[in-house]
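Working notes, beginning with the structure itself.
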Amino acid sequence: MPSLESLLRRREGVRNDVYLDSLKRPTVGIGHLVTAADKLKVGDKIDDAQVSAFFKADSAAALSAAKSQASKAGIKDSDFVVYLASVNFQLGTGWYKVHKKTWALILAGNYSGAAAEVKKSRWASQTPVRVKDFQGALLKLTDKPQEKP
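Our numbering numbers the first residue of the sequence shown as 1 and each following residue consecutively.
Structure representation (structure tokens):
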């Protein structure tokens with residue numbers, strides 16, 4: 001099982017310079033969206049310690065949300081929680097409000113259905129590797145008994 005940090009380093013990449021992401025938002029480190037409080041602009045550089053500090057703060061919310069969502073779905077698999085945290089990190093902690101069918105299928109324990117549903121999303125066309133990661137995690141759950149919420 002990869003750690004959340006190693007997974008996101010692979011998927012988000014790591015940059016010490018502030019750049020514009022695909023949606024033209026200033027970004028730095030491991031997918032950190034620059035805020036006014038950061039006092040950074042495109043082209044500025046940060047050191048590795050700041051990359052780690054931003055990641056620690058940004059990933060804490062994603063991991064907390066993933067643990068809560070997994071608990072609501074009766075899923076205790078720690079590997080799945082890492083991939084669910086990656087979803088929360090990329091799409092935001094309210095991802096399930098947009099991907100309602102996928103979330104409903106997860107809650108119902110229909111993990112293969114959820115894996116198929118997520119493939120139909122705009123997210124899948126934007127970042128197919130990230131979706132495949134999540135699909136893989138969902139499909140692994142089909143082999144493991146889960147608690148019903």
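Where a beta carbon is used, it is the ideal one built from N, C-alpha and C, also for glycine.
Please read these numbers as outputs of a predicted model, since none were measured by experiment.
One alpha carbon belongs to V131, the other to R122, and they sit about 10 Å apart. One thing to note: D48 has its Cβ no nearer than 8 Å to the Cβ of F89. Across the set T93, W95 and E117, the C-alpha of E117 shows the shortest separation from the C-alpha of K101. Taking each of Q69, L107, K76 and I106 in turn and checking the Cα distance to G94, the smallest one comes out for Q69. Here V28 is not near R10, since their CB atoms are 8 Å or more apart. In the three-state scheme derived from DSSP, where H, G and I count as helix and E and B as strand, L8 is classed as helix. One thing to note: L7 has its Cβ within 8 Å of the Cβ of V82.
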